[in-house]
Amino acid sequence: MRRHLSTILGAASGILVALFLLLTPADRESLFLDGVEHGAATAWRELLGAGAASEAPRAAHLAEVELAAEFTAAQVVEAASAEAASRPEALRRDPATGRDPERAIRHRVRQALLAVRKELAEGDLVLTWPDEPARPGARRARLRITPRFAAANDGTVLDLELWLEDPEERRSGSGARTWPNASSLWPPLLSIALAVLLRRTIPALLAGVLLGSWLAAAGAEGPLARAGDALRWCGADLLLERVFLDHFRVEILLFVVFLGMAVGVMSRAGGIHGMVALLSRFARGPRSTQLVSYLCGLLIFFDDYANCLILGNTMRPLSDRRGVSREKLSYIVDSTAAPVAAISIFSTWIAYEISMFAPQLSQANPLWTEAQGFEIFLRTIPYRFYCILTLVFIPLTVLLRRELGPMLRAERRARQLGQPIAPDARPMVDMHGARLEPKHPERARARHAILPLVALVLFTLGMLAWSGRAGDIPGADWATRLRGVLNAANSTTAILVGSLACFAFALVLALVERSLGLRDALEAALRSIRSLGFAFAILILAWSIGAVCEELSTASYLVAVSRDWIAPELLPSVLFLTACLISFAIGSSWSTMAILLPNVVVLAWMLGERSALGPEALVVLSIGAVLEGSIFVDHCSPISDTTVLSSVATASDHLAHVKTQAPYAMLVMIVTLVLGYLPVAYLGLSPWLCLAVAVLALAGILLTLGSDPADPTPEEARA
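No gaps in the numbering here: position 361 of the sequence shown is 361 in the working numbering, and each next residue is one more.
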């Protein structure tokens, strides 16, 4: 009965959220500005490509940026409702809202320039914005921007004209962006609904991808032509170009392959068995095993993917033996992955997080520079309520001996029935590959796992330093040098090299000490890879639906839906909830950061000028709120990559992992909002005081509503 009730309540909640998203009117100004940025990106590429064969200069500095025809916020809404094709009225600040469309449009065009500039090949024309230093030998240039509404009011068109000193060298480019609508929400909502109702993740994700492909092929005439275009787009544009030929995703897949092979060799050589025996000295029962798992998760601070795969594979045999459910282990693994990496200054996350907001600092405050991104990041750490409270909540459940909801039932099954995983569960790995027993148990040594893992850490950190050496600033203080190196480092290449080194060390060590022959070692590695087949399918489909959401501008529509009711004191809370919503819909924390952070700095500064907090404090608080809301996805969405990897590494049923972890994530999210961002923004309280009160509140909730998994159920007690 409880199971059916929870399903009904979950479905009802999902329907209410979906109805809110689908029926809430979108902020047309937000959609217009989103179209400006995307249209500008297309126009920049066309503009820079024009005249590429001529003897064009290699660098140009924009001395003047002219806006030829603009709109106030009110005119954007009016034009949207009247389906006007163009509004050439003079631009002015809207006195009713205090918004400055000119500044917003300039900011979005500058964002497009920065994004396109990263894609340029050697020899392409490099443009610099007026507030940037000119490149050596750069020629003066002028830019005219003409934003207008597309025909039939279905989007935004941006025309760019560039002059290089001489008007005869004029270049032009034009880009269009169709406004997204409520249909952009259908693919993620369909996938999430089917995943919960059918308990089958792959069909759910595949359905969302196919629906998104159908929507992306909206221009085709007739159902057969549209179906053909949808399949062609799904195969060529989506799977081939955006997944299998995407450098970042290929490196992540190879990282998982090499680390999985290393785990297979370490397991077969007896390294994992020996490490479990070593940790068994400290993990003598369920509570101590969970604490050891938690502390090990804190130690693997440099990357969330590495944390998931190393910790899950290492602790799974020990936790099974000590009566810890796979669901609780996967929760510990998942909750010490992204939260640790996201606030660690020595992780693969920090450079990405800083790069998302640092370029906009000077746009908000002329006294700020992009180099202060690291300092601003450090100032956000006290406001990283969700990550900090998640890391506190794990030991609270262990030390207080309290669990809630589905996690309580899973822990009781493991403790009282001796079943770490439910009999009808569908583990995320092929158990034939996951149960690689040592070939010679009597010769199992922990060093067969410890040394390869040490190599993983050292080679990853070393590769981060080597790939980021161009950002080193000789003679500067250590913090500045570290910031420069991490900002320039290639984190995915670093973890790939680290995983390859881990596999190589595991293989060589097994051969040198004759724990395994070459044939046995390679068979163990291949069996381990084979066990990851289901996980690879999930990862590829999760990335695919993320690309579908990007194509349909799902996130932009969500921003437009939730942006119309923002007050300065509410901004951090609204940003936190918006980031939670977007990340849950698209299944990616990094994508959510990329969507929201570039727009947050200027918005927070402008709103902060009329707030008691002040603009600087509101910027820091808002950046922290977006970072935290983005990470929420890693603990509640079945299409999040780290959620998938946690299920893979712990050999847990994926939907059981999501079902047991989501209530904990929701609880911490609500406490973060009510006792974190709201009192800090409205009352100006210290973040440390808010954290202390929030920890006491979480402990009180556990003691009041939770139960000890070792206690019998009320039915058993009455019997």
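Don't be surprised by glycine CBs; every beta carbon is placed ideally from N, CA and C.
No Cβ-Cβ contact shorter than 8 Å links Phe385 with Tyr664. By the C-beta criterion, the segment 279-297 is judged not to be in contact with the segment 536-552, since fewer than 3 inter-stretch pairs fall below 8 Å. Closest by C-alpha distance to Leu378, out of Val648, Val116 and Ser344, is Ser344. The shortest CA-to-CA distance from Val457 to any of Pro147, Cys502, Cys580 and Met593 is the one to Cys502. In the three-state reduction of the DSSP assignment, Asp653 falls in the strand class. For Thr128, the enclosing beta strand (DSSP E) starts and ends at Val126 to Thr128. Arg140 and Ala63 do touch by the CB rule: their CB atoms are close to 5 Å apart, below 8 Å. When the five nearest sequence neighbours on each side are left out, the beta carbons in the same chain lying within less than 6 Å of the beta carbon of Thr42 are those of Gly175, in order along the chain. Listed in chain order, the alpha helix (DSSP H) runs fully inside the segment 593-653 are 615-631 and 641-650, counting runs of at least 4 residues.
Spatial neighbours of Ala68 in its own chain (CB-CB distance under 6 Å, excluding positions within 5 residues in sequence) are listed in chain order as Arg144 and Thr146. A straight line joining the alpha-carbon of Arg413 with that of Pro712 spans about 11 Å. Within 10 angstroms of the beta-carbon of Ala710 lie fewer than 16 other beta-carbons, which makes it exposed. Going by beta carbons, Ser630 and Pro180 fall outside the 8 Å limit.
In this structure, DSSP gives Val324 a state outside helix and strand, which the three-state scheme calls coil. The segment 493-511 makes contact with the segment 447-457: 3 or more CB pairs, one atom from each, lie closer than 8 Å. Burial check for Ile670: the Cβ neighbour count within 10 Å stays below 16, so the residue is exposed. Taking a C-beta distance under 8 Å as the contact criterion, Gly624 and Pro568 do not qualify as a contact pair.
Sequence-distant partners of Val620 (beyond 5 residues in either direction) whose C-beta falls short of 8 Å from its own C-beta, in its chain, are Ile376, Arg379, Thr380 and Tyr383. Judged by beta-carbon spacing, Val548 lies beyond the 8 Å limit of Ser583, meaning their Cβ atoms are not closer than that value. Between Cys387 and Ala337 the beta-carbon gap is near 11 Å, outside 8 Å, which marks them as no contact. Scanning its chain for C-beta atoms nearer than 6 Å, with the 5 sequence neighbours on each side dropped, one finds around Phe255 the residues Ile495, Leu496 and Ser499, in chain order. Relative to Ala204, the option among Trp214, Pro188, Ala216 and Leu215 whose CA is nearest is Pro188. Per the Cβ contact rule, the segment 400-416 is not in contact with the segment 685-695 (fewer than 3 Cβ pairs under 8 Å). Between Gly312 and Ser646, the CB-CB gap stays under 8 Å. Note that the C-beta distance between Ser325 and Pro423 is not below 8 Å. A straight-line Cα-Cα distance of about 10 Å links Asp520 and Arg527.
Here Ile145 carries a strand assignment [DSSP, helix/strand/coil].
With a threshold of 16 other beta carbon atoms within 10 Å, Arg268 meets it and is buried. Annotation for Asp34: Ser556 place their beta carbon closer than 6 Å to its own, counting only its chain and skipping 5 residues before and after. Counting the other CB atoms within 10 Å of its CB gives Asp477 a total below 16, which places it among the exposed residues. Boundaries for Leu570: no beta strand (DSSP E) harbours it, and the DSSP string shows neither H nor E there. Taking the Cα of Ala504 as reference, the smallest distance to any Cα among Ile202, Leu185 and Phe258 is reached at Phe258. Counting along the chain, Val65 sits inside the beta strand (DSSP E) bounded by residues Ala59 to Leu67.
Setting aside the 5 residues that flank it on each side, Asp320 is surrounded in the same chain by Pro420, each with a C-beta closer than 7 Å to its C-beta; the list follows chain order. A distance below 8 Å between beta-carbons, with the five flanking residues on each side excluded, links Gly285 to the following residues of its chain, in chain order: Arg322 and Gly323. By the neighbour-count criterion, in which a residue is buried when 16 or more other Cβ atoms sit within 10 angstroms of its Cβ, Phe282 is exposed.
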